[in-house]
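*Asks:* Offset between the sequence shown (1-based) and this note's numbering: plus 3. Can you keep this structure in mind? I'll have questions shortly.
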Amino acid sequence: MAGLFGTNPVFVGFTGATGANWSAQDVVNWTFNDNYEPISTAPTETVPAGSPPAGAVPEPATWALMIGGFGLAGAAMRRRSGMRLVTA
């Protein structure tokens, strides 16, 4: 990566008017370095290098569809077990 961007330190500058809202940040400049360092997300929060990613959490609609599908499968199995086969 140093061959592409040089050997400057890594930092991102933001304008002072954007505040703490991440969606409102205005990027002023990007400078890259080939060293991997902890990423600061707030003055007191850091993500150390090599941290495991957070687990995925399904959306409420996904849970509703899954539970509804289990309910329909259970209803179909229950209905099928109550049916009698008549042979002549």
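The C-beta atom is built at its ideal place from N, Cα and C for all residues, glycine as well.
1) Taking 6 Å as the limit between beta carbons, can you name the residues of its chain near A78, skipping five residues before and five after?
2) Rounded to a whole number of angstroms, what is the C-alpha to C-alpha distance between M69 and A59?
3) Specify the secondary structure class of T65 as computed by DSSP and reduced to three states.
4) Examine chain B for any beta-carbon lying closer than 7 Å to the beta-carbon of G77, and answer yes or no.
*Replies:* Let's see:
1) Reading the sequence shown from its first residue, position 75 is the one you call residue 78. Hits under 6 Å: none found.
2) Within the sequence shown, residue 69 is the residue found at index 66, counting from 1. Within the sequence shown, residue 59 is the residue found at index 56, counting from 1. Answer to the nearest angstrom: the Cα atoms are 16 Å apart.
3) Locating residue 65 in the sequence shown gives position 62, where the first residue counts as 1. Correct three-state label for T65: helix.
4) In the displayed structure, chain B is absent; only one protein chain is listed.
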